[in-house]
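Q:
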Amino acid sequence: MYHSHDKTDGLDVHVYHSIKSSVTVPVFTDEEIEEVVDPILKSYDINGDGFIEFAEFRAKTVM
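Shown next as structure tokens:
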């Protein structure tokens, strides 16, 4: 889940929440996850590199 480049992608988020949850959740395919998560990631990914850097996250979440 942790990458040496200090960036997070959509599957990292899904895996983290799956591991931390004690509630049974439906299993989705990678394609189903991508269909839901990719548009959200793209809206945060200001430089278009496929990852959300902390500065990009802050730019979208701090008002």
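According to full-length UniProt numbering, the sequence shown is numbered sequentially starting from 1. In this text, a Cβ means the ideal position worked out from N, Cα and C, and glycines have one as well. Quantities reported herein were computed from a predicted structural model and do not represent experimental measurements.
(1) Quick check: what's the CA-CA separation for ASP12 versus THR61?
(2) Alpha carbon to alpha carbon, how far is ASN47 from GLU53? Give it in angstroms, no decimals.
(3) What is the rounded straight-line gap between the Cα of GLY10 and the Cα of GLU32?
(4) Taking 9 Å as the cut-off, decide whether the C-beta atoms of GLU56 and ASP45 are in contact.
A: Checking against the coordinates, here is how it stands:
(1) By 1-based counting over the sequence shown, the position of residue 12 is 12. By 1-based counting over the sequence shown, the position of residue 61 is 61. In a straight line, the C-alpha of ASP12 is about 19 Å away from that of THR61.
(2) Locating residue 53 in the sequence shown gives position 53, where the first residue counts as 1. Locating residue 47 in the sequence shown gives position 47, where the first residue counts as 1. If you take the alpha carbons of GLU53 and ASN47, they lie about 9 Å apart.
(3) Along the sequence shown, one-based indexing puts residue 10 at 10. Along the sequence shown, one-based indexing puts residue 32 at 32. Their backbone Cα atoms lie some 12 Å apart in a straight line.
(4) For this step, residue 56 is matched to residue 56 along the sequence shown. For this step, residue 45 is matched to residue 45 along the sequence shown. Result yes, Cβ atoms of GLU56 and ASP45 sit closer than 9 Å.
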